[in-house]
Structure formats: C-alpha cells, structure tokens
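S.K.: Counting in the UniProt record's numbering, the sequence shown runs from 1 upward without gaps.
Where is the CB? At the ideal position from N, CA and C, for every residue including glycine.
Just so you know, these numbers come straight off a predicted model, no measurement behind them.
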Amino acid sequence: MTNTTAPDTVAMNTGAPAAGAAATTLTETVMDLAADRDAWLPRVRLDPSDRWYERLHRDGDREIWLISWLPGQGTGLHDHGGSRGAFAVALGVLQERDLGAVRDVRPGEARAFGPEYLHEVRNVSSAPAISVHAYSPPLTSMNRYELVHGRPVRLATEDAGQW
Numbered sequence: 001m002t003n004t005t006a007p008d009t010v011a012m013n014t015g016a017p018a019a020g021a022a023a024t025t026l027t028e029t030v031m032d033l034a035a036d037r038d039a040w041l042p043r044v045r046l047d048p049s050d051r052w053y054e055r056l057h058r059d060g061d062r063e064i065w066l067i068s069w070l071p072g073q074g075t076g077l078h079d080h081g082g083s084r085g086a087f088a089v090a091l092g093v094l095q096e097r098d099l100g101a102v103r104d105v106r107p108g109e110a111r112a113f114g115p116e117y118l119h120e121v122r123n124v125s126s127a128p129a130i131s132v133h134a135y136s137p138p139l140t141s142m143n144r145y146e147l148v149h150g151r152p153v154r155l156a157t158e159d160a161g162q163w
C-alpha cells in the first residue's frame, strides 16, 4: 500500500476534537470532508499497485485518512484494533462486506462502526474511488482475518508503524 503521511495537523476543517469521538461525530467529520472536494482533490494520487492513502489529521482523540482505490483494490477482512470509525465515499463506489451483509457505499453515504467491527472494503467498480476515514482513538493496530467455514480466523496483526 502506498502511504503518504501528512503533518499531524492539516489546515482543513476537521471539526473540533471530541472527547472519545462518538460515531456520530466521526460520521459528520467524514461526510463534511468528503463533500469538500477542494480540501482533498489536489492531494489524491492513484497507485496501480495498491491503495494510496494519506493521513490528513491526527490528535490525541482521532485521526483522519484519505484513501484512493483503483478498480479491484481492497483491504481484506480486518478490524481496527479497538478503535471506533467511520468512512464516507467522496467519489466512485465502494463495496463493504461485514460478517452479515454486503452493501455498496456511494458518494454522500457513510458507514460507522464500533470497536469490535470486522469488515472488508473493495472497489468492485470499473472506475477509481476516493474515501475519507476517521478513527477514534487513533489506530494503533489492525488485525487481518480470513473466513474459515464462515468464521473469522486472525491471520496477522499490524502495528501503526507498518502502514
């Protein structure tokens, strides 16, 4: 995965930090930023080898990421190491699969999730997609899973320094 880490604070309207940012606050943050194309469009890069991502903001309470997805790129099944989160699609269409459903997420739509949530996000369309993600507390690890007989089996744990 191609990574660009921006300074810890970027001059963007990321909203006021909230103590233990609630899912609604995270959702509002990603929706507002996804709708503000001038804030993210000049930063976007497309990488044919893997998803491109850049951290836009980080403080003690939360972090915000911008991710581009070319057709066929995806995350694999993962959790967020105990962090709550939300993501909004700014451009294109992404498909989210959790343990119970598969859904398309379109521009102007967001998904929020709690600290124990497992999902996979993919671009199954024929066009690039851009999304904005927020996590609280900031990510320290992510666990990767494989479904075996319909049950998640942890394959690996990645620490924050690995992405």
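Classify Gln73 as helix, strand or coil using the three-state DSSP reduction.
M.R.: Three-state DSSP puts Gln73 in coil, outside helix and strand.
S.K.: Return the residue from the list Phe113, Leu139, His149 that minimises the CA-CA distance to Thr157.
M.R.: Minimum Cα distance to Thr157 is reached at Leu139.
S.K.: Relative to the C-alpha of Glu116, which residue among Arg62, Met142, Ser125 is closest?
M.R.: Here the closest residue by C-alpha is Met142.
S.K.: Closer than 6 Å by C-beta to Pro137: which residues in its own chain qualify, once you throw out the five before and the five after it? Chain order, please.
M.R.: Taken in chain order, the residues that qualify are Ser83.
S.K.: Under 7 Å Cβ to Cβ from Leu155, same chain only, skipping five residues before and after it: list those, please.
M.R.: Same-chain partners within the cutoff: Arg144, Tyr145, Glu146.
S.K.: Closest to Arg97 by CA distance: which of Ala88, Pro107, Val89, Leu118 is it?
M.R.: The residue with the shortest Cα to Cα distance from Arg97 is Leu118.
S.K.: For Trp163, does the count of other Cβ atoms within 10 angstroms reach 16, so buried, or fall short, so exposed?
M.R.: Trp163 is exposed by the Cβ-count criterion.
S.K.: For Glu109, collect the residues of the same chain with a Cβ closer than 8 Å to its Cβ; drop the 5 residues on either side in sequence, then sort them by chain order.
M.R.: Cβ within range, chain order: Ala88, Val89.
S.K.: What are the boundary residues of the beta strand (DSSP E) that includes Asp38?
M.R.: Careful: Asp38 lies outside any beta strand (DSSP E), inside the alpha helix (DSSP H) at 37–40.
S.K.: Since Ala110 is in the beta strand (DSSP E), which residue starts that stretch and which ends it?
M.R.: Start and end: 110–113.
S.K.: So what does Glu116 bridge to, in DSSP terms?
M.R.: DSSP output for Glu116 lists no bridge partner at all.
S.K.: Using a 10 Å radius around the Cβ and a threshold of 16 neighbouring Cβ atoms, would you call Leu41 buried or exposed?
M.R.: Leu41 is exposed by the Cβ-count criterion.
S.K.: According to DSSP, what are the bridge partners of Met142?
M.R.: In the DSSP output, where bridge partners are listed per residue, Met142 has Glu158.
S.K.: In this structure, what does DSSP give as the bridge partners for residue 165?
M.R.: This structure does not reach residue 165, given that the chain is present from 1 up to 163, and the question cannot be answered.
S.K.: Once DSSP output is grouped into helix, strand and coil, what is the label at Arg151?
M.R.: DSSP places Arg151 in strand when its eight states are reduced to three.
S.K.: Considering Asp98, what are the terminal residues of the beta strand (DSSP E) in which it resides?
M.R.: 94–98 is the span of the beta strand (DSSP E), which, as asked, contains Asp98.
S.K.: Going by DSSP, what residues sit across from Pro107 in a beta bridge?
M.R.: DSSP output for Pro107 lists Val89 as bridge partner(s).
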